[in-house]
Amino acid sequence: MSMPHVLVVPFPAQGHALPLLDLSALLASRGIRLTVVTTPANAPLLSPLLAAHPATVQPLVLPFPAHPSLPPGLENAKNCPPSYFAIFIHALAALRHPILAWARSNHPVAAVLSDFFCGWTQPLAAELGVPRLVFSPSGVLGTAVPHSLFRRLVERPSDADDGYSVAFPSIPGELSYQWREISGTYRSYVEGRMDAQVGEAVRQNFLWNLESSGFVSNTLRALEGRYLDSPLEDLGFKRVWAAGPLAPETDTSGELGGEVGAWLDGFSEGAVVYVCFGSQAVLTPAVAAALADALDRSAVPFVWAVGGGGSLVLPEGFEARALAARRGMVVRGWAPQVAILRHAAVGWFMTHCGWNSALEAVAAGVPMLAWPMAADQFVNARLLVDETRVAVRACAGGIGVAPDAGELAAVLADAVGEGGAGARARAKELAAEAAGATKEGGSSWEDLELLVEWIHKL
Numbered sequence: 403m404s405m406p407h408v409l410v411v412p413f414p415a416q417g418h419a420l421p422l423l424d425l426s427a428l429l430a431s432r433g434i435r436l437t438v439v440t441t442p443a444n445a446p447l448l449s450p451l452l453a454a455h456p457a458t459v460q461p462l463v464l465p466f467p468a469h470p471s472l473p474p475g476l477e478n479a480k481n482c483p484p485s486y487f488a489i490f491i492h493a494l495a496a497l498r499h500p501i502l503a504w505a506r507s508n509h510p511v512a513a514v515l516s517d518f519f520c521g522w523t524q525p526l527a528a529e530l531g532v533p534r535l536v537f538s539p540s541g542v543l544g545t546a547v548p549h550s551l552f553r554r555l556v557e558r559p560s561d562a563d564d565g566y567s568v569a570f571p572s573i574p575g576e577l578s579y580q581w582r583e584i585s586g587t588y589r590s591y592v593e594g595r596m597d598a599q600v601g602e603a604v605r606q607n608f609l610w611n612l613e614s615s616g617f618v619s620n621t622l623r624a625l626e627g628r629y630l631d632s633p634l635e636d637l638g639f640k641r642v643w644a645a646g647p648l649a650p651e652t653d654t655s656g657e658l659g660g661e662v663g664a665w666l667d668g669f670s671e672g673a674v675v676y677v678c679f680g681s682q683a684v685l686t687p688a689v690a691a692a693l694a695d696a697l698d699r700s701a702v703p704f705v706w707a708v709g710g711g712g713s714l715v716l717p718e719g720f721e722a723r724a725l726a727a728r729r730g731m732v733v734r735g736w737a738p739q740v741a742i743l744r745h746a747a748v749g750w751f752m753t754h755c756g757w758n759s760a761l762e763a764v765a766a767g768v769p770m771l772a773w774p775m776a777a778d779q780f781v782n783a784r785l786l787v788d789e790t791r792v793a794v795r796a797c798a799g800g801i802g803v804a805p806d807a808g809e810l811a812a813v814l815a816d817a818v819g820e821g822g823a824g825a826r827a828r829a830k831e832l833a834a835e836a837a838g839a840t841k842e843g844g845s846s847w848e849d850l851e852l853l854v855e856w857i858h859k860l
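In my numbering, the protein residues as written are 403 to 860.
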């Protein structure tokens with residue numbers, strides 16, 4: 403059987419690019435040759451993939467397209483505010499022509515596999531006469547909701563507030579979300595607060611995805627079976643291959659050393675709450691103060707990874723007081739999240755419900771305290787709290803919205819106590835299901851095999 407050649411186009415944001423590169427490694431190990439598009443500053447992300455599959459994976463390094471709304475030299479959305487994602491979607495479309503020229507200069511491809519923020523690769527694939535697969539770093543539900551919005555162009559009535567309910571009648575369960583829980587990118591577009599060219603590029607991006615040959619999602623049937631049973635209208639009735647969790651399975655249980663590992667070693671099983679809101683959400687001083695106050699009041703042991711370069715301003719004396727009492731540790735900058743979640747002392751994860759973080763918690767068997775901020779996080783939080791029951795709501799959430807410290811403290815104390823027993827038990831069950839999904843014969847393993855078979859038949 404000949405080795406098909408697939409062009410892979412990631413979106414330059416860690417939470418998007420890394421799972422697509424993990425998927426690329428799985429495809430390369432199954433006899434598929436890949437060319438991965440990147441730019442000079444993003445090229446180092448490919449190093450592990452290139453080292454593991456030197457014979458079947460090659461990079462295509464192209465200059466990052468200049469854009470008037472992006473600072474010179476910025477090529478990745480890491481640590482950028484969410485508003486930059488729309489600009490990146492618009493800017494990256496300029497890669498279409500150099501990729502087309504490359505492919506036509508004796509580099510034929512059988513298919514294009516690209517991130518769902520790279521909808522401009524749909525007309526590129528059409529010009530090359532090959533099918534395109536859309537990669538979703540989110541779950542199926544988190545992918546269907548924004549596509550539904552841009553397809554239907556739902557608007558909030560002028561006399562309605564942020565509590566206005568938006569219904570999704572074509573999604574199983576006929577879900578609804580408050581206007582404030584809808585993607586900020588969509589709200590900015592439909593309310594006319596986005597540059598017109600950027601906004602049209604964003605909407606066209608989602609419409610192009612609906613013309614694709616199908617979606618590959620970083621999810622699993624144990625999490626989202628009801629959204630995988632039948633093709634969804636909001637995804638153009640396209641096939642969805644559920645291939646997650648995509649992160650390589652590594653046993654990090656004994657790898658967490660250093661100051662954080664030594665500190666966690668001093669606690670009993672499940673006693674500690676790990677707090678982290680990812681690299682995009684930067685807490686305002688008021689929100690940080692409310693969380694610090696809640697941690698003080700609840701008296702639960704914690705590790706708080708503040709991220710964002712470690713510049714978060716915390717209440718005066720909070721860090722020193724928590725550390726001196728051996729009750730809490732603040733980690734500034736990068737934290738080894740997977741290893742922390744798999745430490746026996748960590749019993750809960752307070753999270754923004756970004757999909758990668760949620761899957762890492764699922765794989766580790768750690769229940770979550772859901773504090774969604776933006777993007778697909780409100781959708782993910784509802785799935786985790788109301789459907790899979792591996793999470794409880796920490797607060798209503800939202801960027802810049804400070805919760806009541808007393809109420810949050812009560813949620814923390816209840817979760818760590820008997821009130822959280824159900825979520826803890828369900829988290830262990832789901833971890834076993836997630837581990838089985840990627841093993842031979844598991845649901846995600848089978849979907850990956852079917853995907854590879856589909857590509858080989860092109």
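Don't be surprised by glycine CBs; every beta carbon is placed ideally from N, CA and C.
Note that the structure is a prediction, hence the values are computed from the model and not measured.
{"Check": "Going by other Cβ atoms of all chains shown within 10 Å of its Cβ, with 16 needed for buried, is residue 770 buried or exposed?", "Outcome": "buried"}
{"Check": "Could you check whether residue 825 and residue 798 sit closer than 8 Å to each other, using their CB atoms as the reference points?", "Outcome": "no"}
{"Check": "From 622, 431 and 590, pick the residue whose C-alpha is nearest to that of residue 453; which is it?", "Outcome": "431"}
{"Check": "Given a threshold of 16 other Cβ atoms within 10 Å of its Cβ, counted over all protein chains shown, does residue 599 qualify as buried or as exposed?", "Outcome": "exposed"}
{"Check": "What is the DSSP secondary structure of residue 487, reduced to helix, strand or coil?", "Outcome": "helix"}
{"Check": "On the three-state DSSP scale, how would you describe residue 558?", "Outcome": "coil"}
{"Check": "Taking the beta carbon of residue 653 as the centre, do at least 16 other beta carbons fall within 10 Å, making it buried, or is it exposed?", "Outcome": "Confidence at residue 653 is low in this model, with a pLDDT of 49, below 50, so the placement of that residue is unreliable and no value is reported for it."}
{"Check": "Can you look up residue 466 in the DSSP assignment and give me helix, strand or coil?", "Outcome": "coil"}
{"Check": "Report the rounded CA-to-CA distance for residue 763 versus residue 525, giving the unit in angstroms.", "Outcome": "37 Å"}
{"Check": "Is the CB-CB distance between residue 510 and residue 608 below 8 Å?", "Outcome": "no"}
{"Check": "What span of residues does the beta strand (DSSP E) with residue 730 cover, start to end?", "Outcome": "730-733"}
{"Check": "Got a sec, what are the start and stop residues for the beta strand (DSSP E) residue 537 sits in?", "Outcome": "534-538"}
{"Check": "Which residue comes first and which comes last in the alpha helix (DSSP H) that contains residue 616?", "Outcome": "That residue, residue 616, is in no alpha helix (DSSP H); its beta strand (DSSP E) goes 616-619."}
{"Check": "For residue 554, does the count of other Cβ atoms within 10 angstroms reach 16, so buried, or fall short, so exposed?", "Outcome": "exposed"}
{"Check": "Distance check for residue 829 and residue 760, CA to CA, integer angstroms please.", "Outcome": "11 Å"}
{"Check": "Quick check: residue 425 and residue 644, are their CB atoms within less than 8 Å of each other?", "Outcome": "no"}
{"Check": "Note down, in chain order, each residue of its chain lying with its Cβ closer than 7 Å to the Cβ of residue 674, except the 5 sequence neighbours on either side.", "Outcome": "666, 703, 704, 705, 747, 748 and 749"}
{"Check": "Is it buried or exposed, residue 655, if we count other Cβ atoms within 10 angstroms and call 16 or more buried?", "Outcome": "Note on residue 655: pLDDT 48, under 50, position unreliable in the model; the coordinate value appears next. With fewer than 16 other Cβ atoms within 10 Å, it is exposed."}
{"Check": "Sort out for me which residues DSSP pairs residue 707 with in a bridge.", "Outcome": "678 and 733"}
{"Check": "I think residue 622 touches residue 839, with their Cβ atoms under 8 Å apart; what is that distance to the nearest whole Å?", "Outcome": "4 Å"}
{"Check": "Measuring straight from C-alpha to C-alpha, what distance separates residue 506 and residue 467?", "Outcome": "20 Å"}
{"Check": "What is the C-beta distance between residue 440 and residue 463, in whole angstroms, given that I count them as a contact (C-beta under 8 Å)?", "Outcome": "6 Å"}
{"Check": "Pull up the distance between the alpha-carbon of residue 474 and that of residue 580, whole angstroms please.", "Outcome": "37 Å"}
{"Check": "In this structure, does DSSP put residue 542 in helix, strand or coil?", "Outcome": "helix"}
{"Check": "Among 615, 639 and 731, which has the Cα closest to the Cα of residue 660?", "Outcome": "731"}
{"Check": "With distances taken from CA atoms, which of 642, 810, 590 and 522 is nearest residue 690?", "Outcome": "810"}
{"Check": "From 410, 429, 817 and 411, pick the residue whose C-alpha is nearest to that of residue 855; which is it?", "Outcome": "429"}
{"Check": "Roughly how many angstroms separate the alpha carbons of residue 409 and residue 780, rounded to a whole number?", "Outcome": "32 Å"}
{"Check": "Is the distance from the Cβ of residue 503 to the Cβ of residue 835 below 8 Å?", "Outcome": "no"}
{"Check": "Using 8 Å as the cut-off, can you tell me whether the region 516-531 makes contact with the region 551-571, which would need three or more C-beta pairs spanning the two stretches below that distance?", "Outcome": "no"}
{"Check": "Taking a contact to mean a Cβ-Cβ separation below 8 Å, would you say residue 611 touches residue 539 in this structure?", "Outcome": "no"}
{"Check": "Of the choices 434, 435 and 415, whose alpha-carbon is the least far from that of residue 444?", "Outcome": "415"}
{"Check": "Nearest CA to the CA of residue 815: which residue from 831, 801, 833 and 795?", "Outcome": "795"}
{"Check": "Roughly how many whole angstroms lie between the Cα atoms of residue 865 and residue 693?", "Outcome": "The requested residue 865 is not part of the displayed model; the chain covers only 403 to 860."}
{"Check": "Count the other CB atoms, across all protein chains shown, that sit within 10 Å of the CB of residue 563; report buried if there are 16 or more and exposed otherwise.", "Outcome": "exposed"}
{"Check": "So, are the CB atoms of residue 642 and residue 491 less than 8 Å apart?", "Outcome": "no"}
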